[in-house]
Amino acid sequence: MIVALRIEELCLARGERRLLAGFSLALEAGEAIALTGPNGAGKTTLLRSVAGLIRPLCGAIRFDGGEGRLDADDARRFGCHLLGHQDGLKSGRSAGEELDFQVRWTGGTTDAAQGAAERLGLTRLLGLPVRALSAGQRRRLALARLAASHRPLWLLDEPLAPLDAAHRILVGELMSEHLGRGGLILAAVHDPLPILAREVGLAGAP
Amino acid sequence: MIGVLLKRELALAWGRGGGAALAVGFLACASVMLPLSLGPEPARLARVASGVAWVVLALASLLSLERMFERDFEDGALDLLCLGPLPLEVVATVKCLAQWVVVGAPLALATPIAAIALGAKPQAAPLLTLAAALGGLAFAFVGGAGAALALASRRGGLLIALIVLPLLTPPVIFGGAAVESFQIGLPWLAPLLMLGAYALAAAALTPFAMAAACRNALS
Numbered sequence: 007m008i009v010a011l012r013i014e015e016l017c018l019a020r021g022e023r024r025l026l027a028g029f030s031l032a033l034e035a036g037e038a039i040a041l042t043g044p045n046g047a048g049k050t051t052l053l054r055s056v057a058g059l060i061r062p063l064c065g066a067i068r069f070d071g072g073e074g075r076l077d078a079d080d081a082r083r084f085g086c087h088l089l090g091h092q093d094g095l096k097s098g099r100s101a102g103e104e105l106d107f108q109v110r111w112t113g114g115t116t117d118a119a120q121g122a123a124e125r126l127g128l129t130r131l132l133g134l135p136v137r138a139l140s141a142g143q144r145r146r147l148a149l150a151r152l153a154a155s156h157r158p159l160w161l162l163d164e165p166l167a168p169l170d171a172a173h174r175i176l177v178g179e180l181m182s183e184h185l186g187r188g189g190l191i192l193a194a195v196h197d198p199l200p201i202l203a204r205e206v207g208l209a210g211a212p
Numbered sequence: 101m102i103g104v105l106l107k108r109e110l111a112l113a114w115g116r117g118g119g120a121a122l123a124v125g126f127l128a129c130a131s132v133m134l135p136l137s138l139g140p141e142p143a144r145l146a147r148v149a150s151g152v153a154w155v156v157l158a159l160a161s162l163l164s165l166e167r168m169f170e171r172d173f174e175d176g177a178l179d180l181l182c183l184g185p186l187p188l189e190v191v192a193t194v195k196c197l198a199q200w201v202v203v204g205a206p207l208a209l210a211t212p213i214a215a216i217a218l219g220a221k222p223q224a225a226p227l228l229t230l231a232a233a234l235g236g237l238a239f240a241f242v243g244g245a246g247a248a249l250a251l252a253s254r255r256g257g258l259l260i261a262l263i264v265l266p267l268l269t270p271p272v273i274f275g276g277a278a279v280e281s282f283q284i285g286l287p288w289l290a291p292l293l294m295l296g297a298y299a300l301a302a303a304a305l306t307p308f309a310m311a312a313a314c315r316n317a318l319s
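These protein sequences, in sequence, are chains A and B. Residue numbers for the first sequence follow this note's numbering, so the first one is 7 and each next one is one higher. Residue numbers for the second sequence follow this note's numbering, so the first one is 101 and each next one is one higher.
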């Protein structure tokens, strides 16, 4: 169980371009951070490096549990949700099949997947192929995975972008519940999050 | 957890580029074309039947490799697979096994039919099926390694063929030798065992290469 995320003196680059240098951040259980900054500032790269998909040039990313430091690999494999622009939903399969796989793969159950689908107003859509869903419905399907399988650290990349106003409020409720259970949220955003969040700005490349 | 993943991979392999139907169809077309180019004399065809069946089998196995990792890479599912409970090496193994079940097994059943139609001895059918199944295992794992290495490159399919075909040569040699020896009454066990050894070595070693290639493509 992750109770804190610590990023220390992190340097990140994409190709030849240096994005972050000496970046530090601490996130505690029950807390949300909104990462802001212009396009290309490195928000997505930072989230992906926390998820372990991109190796930093220097610095450290640490996950603390209740009794000291966690193994980073274990923390990511069992305690971390990443929601990016690409949601990994296969367009040819049905929404129900894909949600069930994603939830069970990340440690949830079929019942929890059904419950989350109901909560996000997706029950009616589960029989449709993913390609028939709108951008907003697709995003809700991806968010249902987060709601259904409990993992403490949520790494969100523009989570609200395609959602309408009513569903933004609903997702805000899901986020508050997650924080209430001791969850952590690190979100890259352009619009403000519908919950209380500390804002951390990335300056962007000079 | 492996079951959850295997179920998905089987469904995806089945839907990928026509799955089994395309590979078996290719095998059938290629073995029908051979008599057209070589001429219809049965004696000449019978001599090359099992060898040709092996080459066609290797080519048919290449068909749906391109999408093995590429689809997951493009739509973000590879990120999700990285953040799951099983190491990426196990994920890669499950993908290759699914490929083997969906493409390799139907091909293993179709290969003896093609070979016999060309004039191979019907008694060779069980051995040919076994050898094609072992060969298919090697093709799936070596092919998976090629598919993972070609990730994030344009025109990956061509690159996969170039990477994979040289590595498919040993199973073609051993498999062809086993069937040929059986037909002319020579000992055939040794080449079959070599084929099995190659398939098992591929299954044991390539998952590490696939996982490393996937991580590299993501970062």
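Glycine included, C-beta positions come from ideal geometry on N, C-alpha and C.
With contacts defined as CB atoms closer than 8 Å, A:F69 and A:G113 fail to qualify as a contacting pair. When DSSP assignments are scanned along the region 244-319 of chain B, the uninterrupted stretches of alpha helix (DSSP H) that are 4 or more residues long and fall wholly within it turn out to be 256-283 and 289-318. Residues R146 and A150 of the same chain have their beta carbon placed closer than 6 Å to that of A:L126, with the five preceding and five following residues left out of the count. Among the residues of chain B, those whose CB is under 7 Å from the CB of A:C86 are L183, following chain order. Chain-order list of chain A residues neighbouring B:L112: K96, G98 and R99, by C-beta distance under 9 Å. Proximity of A:W160 to chain B, defined by a Cβ-Cβ separation below 8 Å, is not satisfied. Beta-bridge annotation (DSSP): A:I8 is paired with A:G71. As summarised for the region 115-139 of chain A, the continuous alpha helix (DSSP H) elements at least 4 residues long and confined to that stretch are 116-125, given in chain order. Bounds of any alpha helix (DSSP H) do not take in A:A38; it lies within the beta strand (DSSP E) bounded by A38 to T42. Residues of chain B whose Cβ lies closer than 7 Å to the Cβ of A:G113 are, in chain order, P185.
Contact with chain B is absent for A:I8, since none of that chain's Cβ atoms lies less than 8 Å from the residue's Cβ. Note that the C-beta distance between A:L202 and A:A35 is not below 8 Å. As computed with DSSP, A:I191 is found in a beta bridge with A:A38 and A:W160. Per DSSP, reduced to three states, the secondary structure at A:A19 is strand. Here the alpha carbons of B:A158 and A:A123 stand approximately 44 Å from one another.
Annotation: A:W111 to A:A141 spans about 23 Å, alpha carbon to alpha carbon. Rounded to the nearest whole angstrom, the CA to CA distance from B:A149 to B:L162 is 20 Å.
Closest in alpha carbon position to A:E179, among A:T129, A:L152 and A:L41, is A:L152.
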